[in-house]
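Numbering (UniProt numbering), first residue to last: 1 to 256. Think of the CB as a built atom: it goes at the ideal place given N, C-alpha and C, for glycine as much as any other residue. Notes follow once the structure below has been shown.
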Amino acid sequence: MLALEKIISSFLMPPGFFIIILLIITIYLFLKSDSKLIKFLAAAALIFLIFISTAFGVKVMLLPLENYAEEISLDLETELKKEYPIVVLGGGNYYKSDGSAEPSVHSKQRLTKAYQLQRIINTKIIYSGGVGIGHDNFSEADAAKEFLLGLGLEREKYESEDQARSTYENALYTKKWLNENEIEKVYLVTSAYHIYRSAGVFRAQEIDFIALHSGFIYDHQFSWLNYLPNRGALQANLAALHELVGIVWYYLRARI
Numbered sequence: 001m002l003a004l005e006k007i008i009s010s011f012l013m014p015p016g017f018f019i020i021i022l023l024i025i026t027i028y029l030f031l032k033s034d035s036k037l038i039k040f041l042a043a044a045a046l047i048f049l050i051f052i053s054t055a056f057g058v059k060v061m062l063l064p065l066e067n068y069a070e071e072i073s074l075d076l077e078t079e080l081k082k083e084y085p086i087v088v089l090g091g092g093n094y095y096k097s098d099g100s101a102e103p104s105v106h107s108k109q110r111l112t113k114a115y116q117l118q119r120i121i122n123t124k125i126i127y128s129g130g131v132g133i134g135h136d137n138f139s140e141a142d143a144a145k146e147f148l149l150g151l152g153l154e155r156e157k158y159e160s161e162d163q164a165r166s167t168y169e170n171a172l173y174t175k176k177w178l179n180e181n182e183i184e185k186v187y188l189v190t191s192a193y194h195i196y197r198s199a200g201v202f203r204a205q206e207i208d209f210i211a212l213h214s215g216f217i218y219d220h221q222f223s224w225l226n227y228l229p230n231r232g233a234l235q236a237n238l239a240a241l242h243e244l245v246g247i248v249w250y251y252l253r254a255r256i
């Protein structure tokens, strides 16, 4: 009975509901339309929506990115940690109606992982993140500082880089800070799905780093439920798609 409820609910709420609507439209077009192009576009849209709303898309787009991160990342439990500064890449803010902001879910995940490492090696955390496009105050670095101080980080252990608005700029401004402070190596903390691109950019800027991913954003072991349309898969696949497009763009621009 519970399984039946899961199946029904997956198609009553988005994205499953939109898949049903698009399926009906596609069937109608195949029955009524003489245009092969219209039929092709409708079928392609339906297949794509199913793909990005289920574990099928996760397997193809997200898992390769996160598995790569797992392969190159430091293991906090077993590996020897040295006292290098910890660079955390911004993952966005949630802006409040009063003009303030707090780190997004992904940013908090990254900051929490960095704080765990900082408690072990007692070095500085450098958060790289500027003011979001469309906003004119309260940078990601400002929000990150409040979050870390709330966790218990000492103020003198925090450095902000509040100019960067992209992964490429994260690396550029981090490189500048490292040169100014004569630092040769850092820990690089970001989400698992973001490690491939950020690591590539940091290598291109000749920054010596040890990667540490902050965690996954979707299951790596699937049950049949993961192959039903679900919001979690859609969100994860959209993040992976954004990252893959970013990787291609950075290759074309010779940034990695």
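Enclosing alpha helix (DSSP H) for residue i [first to last residue]
i, result
"K175", "T167 to E180"
"residue 334", "Nothing can be reported for residue 334, as the shown portion of the chain is limited to 1 through 256."
"P250", "In the sequence under discussion, the amino acid at residue 250 is Tyr, which differs from the Pro named in the question. It spans R231 to L252 - the alpha helix (DSSP H) in which Y250 sits, taken as one unbroken run."
"S9", "L2 to L12"
"Y28", "G16 to K32"
"I52", "K36 to I52"
"Y68", "L63 to I72"
"L149", "E140 to L151"
Other residues of its chain near residue i: CB distance less than 7 Å, five sequence neighbours each side excluded
i, result
"L244", "M61"
"A236", "V58, L62, I217 and Y218"
"Y7", "Going by the sequence as given, residue 7 is Ile instead of Tyr. Hits under 7 Å: L228."
"S10", "G16, L228, P229 and N230"
"L148", "L111, Y115, I125 and Y158"
"A239", "Y193 and I217"
Anticipated Cβ contact below 8 Å, residue i with residue j, distance rounded
i, j, result
"E140", "S107", "7 Å"
"L23", "L46", "6 Å"
"L74", "A211", "7 Å"
"H135", "Y95", "6 Å"
Chain-order list of residues whose beta-carbon lies under 6 Å from that of residue i (same chain, five-residue window excluded)
i, result
"F209", "V186, L188 and F202"
"G69", "Looking at the sequence shown, residue 69 is not Gly but Ala. If we look at A69 and ignore the five residues flanking it on each side, its Cβ neighbours are A192, I195 and H213."
"T174", "V87 and S128"
"I120", "K81"
Alpha carbon of residue i to alpha carbon of residue j, nearest angstrom
i, j, result
"E83", "I125", "11 Å"
"R197", "Y168", "9 Å"
"Y158", "T123", "9 Å"
"N170", "G215", "20 Å"
"L117", "T78", "13 Å"
"S100", "I25", "44 Å"
"E71", "D34", "51 Å"
"V131", "K39", "44 Å"
"F138", "G150", "17 Å"
"K81", "Y251", "32 Å"
"S104", "E146", "13 Å"
"R253", "Y28", "43 Å"
"I183", "Q205", "14 Å"
"L153", "E102", "17 Å"
"T133", "W249", "Before going further, note that residue 133 is Ile rather than Thr in the sequence given. The alpha-carbon atoms of I133 and W249 are separated by roughly 19 Å."
"residue 258", "P85", "What is shown of the chain runs 1 to 256, which leaves residue 258 out entirely."
"T190", "G90", "8 Å"
"K176", "I207", "10 Å"
"R92", "K36", "The sequence given here has Gly at residue 92, not Arg. Those two C-alpha atoms are separated by around 43 Å."
"K113", "D98", "28 Å"
"S166", "E156", "26 Å"
Contact test: residue i Cβ vs the ligand FAD heavy atom, cutoff 7 Å
i, result
"K39", "Looking at this structure, you won't find the ligand FAD or any other ligand, since it has none at all."
N-terminal and C-terminal residue of the beta strand (DSSP E) that residue i is part of
i, result
"P103", "A101 to P103"
"Y185", "Residue 185 is actually Lys in this sequence, not Tyr. That run of the beta strand (DSSP E) goes K185 to T190."
"A211", "D208 to H213"
"N93", "N93 to Y95"
"E159", "Y158 to E161"
"I133", "Taken as a continuous stretch (DSSP letters only), I133 belongs to no beta strand (DSSP E), as it is neither H nor E."
"I86", "I86 to L89"
Cut-off 8 Å between Cβ atoms - residues of its own chain near residue i, not counting five sequence neighbours on either side
i, result
"I247", "Y196, R197, G200 and I256"
"N226", "T54, A55, V58, D219 and A233"
"I19", "F11, L46, L49, I50, S53 and P229"
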